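Protein chains in written order, with the numbering used here: chain H, 6 to 346; chain F, 18 to 155.
The beta-carbon is built from N, C-alpha and C at its ideal position, and this holds for glycine as well.
None of these values were measured; they are calculated from a predicted model.
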Amino acid sequence: MPSPDAERPRARFPWGLIALAVVAGLVVTGSDKASGQDPAEKYMTKMAEASDASYQARKLVVYFGEPRSTAIVEVQAGEGGRFVRAETGGEFVRMWNGGDHGLVTEGEVRVHDARPPSIPFRPKRVLDKFHVHAGSVTPVAGVGLVPLDLVRKSDGRMIERIWVHPDNGVVYRRELFDRGGLLAMTEMLDMKWGEKAAPAPRAVGGQDRAWPARDGRAPKALPYDYGLVSTHELDTEGRRVNHWVYSDGMHTLSVFHHEGSLNQPDGFSPVDLGRTAGFVGPGPGTWAWQGGRSVYVVVAEETQLDPAELTKNLAQGDPSRVSRLGAWWAKGYRWVADLLG
Amino acid sequence: MNLDHLSRELLSALVDGECGPDERRHAHEHVQRCSECRLVLADLTAVRDLVERLPPLEAPAELMAAVLHPRGRLRAVVGGRRKYLVAAAAAALTISLAGVAAPPVDDQPPIDALVTRHVSVNAGNQTSGEVLFAVTGR
Chain H
6 MPSPDAERPR ARFPWGLIAL AVVAGLVVTG SDKASGQDPA EKYMTKMAEA
56 SDASYQARKL VVYFGEPRST AIVEVQAGEG GRFVRAETGG EFVRMWNGGD
106 HGLVTEGEVR VHDARPPSIP FRPKRVLDKF HVHAGSVTPV AGVGLVPLDL
156 VRKSDGRMIE RIWVHPDNGV VYRRELFDRG GLLAMTEMLD MKWGEKAAPA
206 PRAVGGQDRA WPARDGRAPK ALPYDYGLVS THELDTEGRR VNHWVYSDGM
256 HTLSVFHHEG SLNQPDGFSP VDLGRTAGFV GPGPGTWAWQ GGRSVYVVVA
306 EETQLDPAEL TKNLAQGDPS RVSRLGAWWA KGYRWVADLL G
Chain F
18 MNLDHLSREL LSALVDGECG PDERRHAHEH VQRCSECRLV LADLTAVRDL
68 VERLPPLEAP AELMAAVLHP RGRLRAVVGG RRKYLVAAAA AALTISLAGV
118 AAPPVDDQPP IDALVTRHVS VNAGNQTSGE VLFAVTGR
């Protein structure tokens, strides 16, 4: 009679598997060293290549600041263009870029922009601005992802962590930090590869229009390594607004500029901008201030930006005495013009 | 115009002796028969006689000089009011420039539209814009 020990499978220590993993790790590390490519740079390059990928996805977006809020957005990306759609509170917003570009709200085109700015992802510039540390592959919601920690070189602050798929470069999760910790997060809820993006709605005859326009007043660069991408003009709500688009290779920053006088906008709080007082709005970075005869509004996505530093190259301060006198005359001029019909 | 009567132009020409032989014969034949046109002709003749009796007027030497020498005429018209005209023109120009150059008062930025614009230009980029969907309540 065979002994029970003979039938029981022997519990072997998996020396073979460990040896295989070590060898594989050495090979991978060796190949990275041989190619001279930093792992962070490799994943960043994959992220840039993923901009051509075709997929459909739903993402959860959570903002932990005030007011705390969430949204679910649908992303469609493909050769025909991209758009992001969010359904919240009955409002339907759709945006896309590609050949045509614009915004549809409740079935009506609101903005028509035939030539939107092109803002590609630039790994080199990101690596110039941030220390990017690539962690090891970690399972997140059943998918193996690599965390990339972005620490800003200029002040050593942890700005965000990007969870990227090591093979296809798609970002599955982003965590944005402020000084107090997690400020916002986006996470892929589900995803389908190779889905052709639905044809983007054509923006025909929108009330608001935007178009490229040269503007020598826009600084070529702003602090935090933001470079000017393009300048536009925008007709919105009866106003002519200049739109200067900046990028640091990954984050986009908008400077809007129009003539006028600023009072505190709804939902904004007073803030010190260094040379003048301004207002800060909700979100990672939205500021408004008076700069001479103009009103400036900056919308940024990068966290932990010092507004005084960021805006130092832009005009600040109340209108000069001459401008005030001009405004006084303008009032009189309009009064007389109204009187004369 | 009443087609049965002579026109005032023809009657006036008749008084001034500017009609041709045929027109003059036709007008005289009509006036013989038409009392209304006869009265109009009489009025026109009386006016002409009054004008002819007015004494001749001498044109002022200043006006004659202005007509004969246009540059002198301009100076004569502007005369002592020149300073006031220049001042008024300067004031109008200043007000006009101020009206064009000065900012509109209390013109608030369309913040929502601007944030929307910012998000829309980044639509679909992997690392841009989506957080603002939650922040702006969209």
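Whole-number beta carbon distance between residue j and residue i, since they are thought to touch under 8 Å
i	j	result
residue 166 (chain H)	residue 152 (chain H)	5 Å
residue 227 (chain H)	residue 315 (chain H)	6 Å
residue 236 (chain H)	residue 215 (chain H)	Residue 236 (chain H) to residue 215 (chain H), Cβ: 11 Å. No contact.
residue 82 (chain H)	residue 59 (chain H)	6 Å
residue 126 (chain H)	residue 254 (chain H)	7 Å
residue 142 (chain H)	residue 177 (chain H)	Rounded, the Cβ-Cβ distance is 12 Å, inconsistent with contact.
residue 149 (chain F)	residue 138 (chain F)	In fact, because the Cβ distance is near 12 Å, the residues do not count as touching under 8 Å.
residue 250 (chain H)	residue 122 (chain H)	5 Å
residue 247 (chain H)	residue 213 (chain H)	The pair is not a contact, with the Cβ atoms about 14 Å apart (cut-off 8 Å).
Proximity of residue i and residue j at Cβ, strictly below 9 Å
i	j	result
residue 164 (chain H)	residue 307 (chain H)	yes
residue 132 (chain H)	residue 49 (chain H)	yes
residue 154 (chain H)	residue 51 (chain H)	no
residue 45 (chain H)	residue 175 (chain H)	no
residue 288 (chain H)	residue 68 (chain H)	yes
residue 47 (chain F)	residue 22 (chain F)	yes
residue 157 (chain H)	residue 321 (chain H)	no
residue 65 (chain H)	residue 241 (chain H)	no
residue 63 (chain H)	residue 277 (chain H)	no
residue 304 (chain H)	residue 267 (chain H)	no
residue 61 (chain F)	residue 32 (chain F)	yes
residue 70 (chain H)	residue 183 (chain H)	yes
residue 312 (chain H)	residue 337 (chain H)	no
residue 134 (chain F)	residue 319 (chain H)	no
residue 78 (chain H)	residue 61 (chain H)	no
residue 132 (chain F)	residue 291 (chain H)	yes
residue 27 (chain F)	residue 44 (chain F)	yes
residue 139 (chain H)	residue 43 (chain H)	yes
residue 150 (chain H)	residue 137 (chain H)	no
Cβ of residue i within 9 Å of any chain F Cβ
i	result
residue 67 (chain H)	yes
residue 170 (chain H)	no
residue 197 (chain H)	no
residue 32 (chain H)	Confidence at residue 32 (chain H) is low in this model, with a pLDDT of 48, below 50, so the placement of that residue should be treated as unreliable; the coordinate-derived value is given next. Output row for residue 32 (chain H): interface = no.
residue 70 (chain H)	yes
residue 156 (chain H)	no
residue 124 (chain H)	yes
residue 219 (chain H)	no
residue 244 (chain H)	yes
residue 268 (chain H)	yes
residue 56 (chain H)	yes
residue 78 (chain H)	yes
residue 145 (chain H)	no
residue 186 (chain H)	no
residue 276 (chain H)	no
residue 105 (chain H)	Low confidence applies here, because residue 105 (chain H) scores a pLDDT of 49, under 50, leaving its location unreliable; read the following figure in that light. Residue 105 (chain H) does not count as touching chain F.
residue 239 (chain H)	yes
residue 52 (chain H)	yes
Neighbour flag for residue i against chain H, beta carbons, 9 Å
i	result
residue 44 (chain F)	no
residue 23 (chain F)	no
residue 132 (chain F)	yes
residue 57 (chain F)	no
residue 31 (chain F)	no
residue 121 (chain F)	Its pLDDT being 49, under 50, residue 121 (chain F) is placed unreliably by the model, and the measurement read from it follows with that caveat. Yes, its Cβ sits closer than 9 Å to a Cβ of chain H.
residue 149 (chain F)	yes
residue 50 (chain F)	no
residue 138 (chain F)	yes
residue 143 (chain F)	yes
residue 64 (chain F)	no
residue 152 (chain F)	yes
residue 60 (chain F)	no
residue 126 (chain F)	yes
Worksheet item: Counting pairs of beta carbons, one from the region 261-279 of chain H and one from the region 293-300 of chain H, are three or more of them closer than 8 Å?
Response: With a cut-off of 8 Å on Cβ pairs, the region 261-279 of chain H is in contact with the region 293-300 of chain H, counting three or more such pairs.
Discussion item. Report the start-end ranges of each beta strand (DSSP E) in the region 142-222 of chain H that is 3 residues or longer and not cut off at the edges.
Written reply: Here the runs fully enclosed are 143-145, 148-157, 163-169, 176-183, 186-198 and 213-217.
Worksheet entry | Sufficient close CB pairs (3 or more, under 8 Å) joining the region 267-280 of chain H to the region 124-133 of chain F | Yes, since at least three Cβ pairs between the region 267-280 of chain H and the region 124-133 of chain F fall closer than 8 Å, the two stretches touch.
Discussion item. In chain order, what are the residue ranges of uninterrupted beta strand (DSSP E) at least 3 long that sit wholly in the region 41-73 of chain H?
Written reply: The qualifying runs are 60-68.
Practice prompt. Can you check the region 49-85 of chain F for any alpha helix (DSSP H) of at least 4 residues that lies completely inside it and give the ranges in chain order?
Written response: Taking only runs of at least 4 residues, the alpha helix (DSSP H) segments lying wholly in the region 49-85 of chain F are 52-70 and 78-85.
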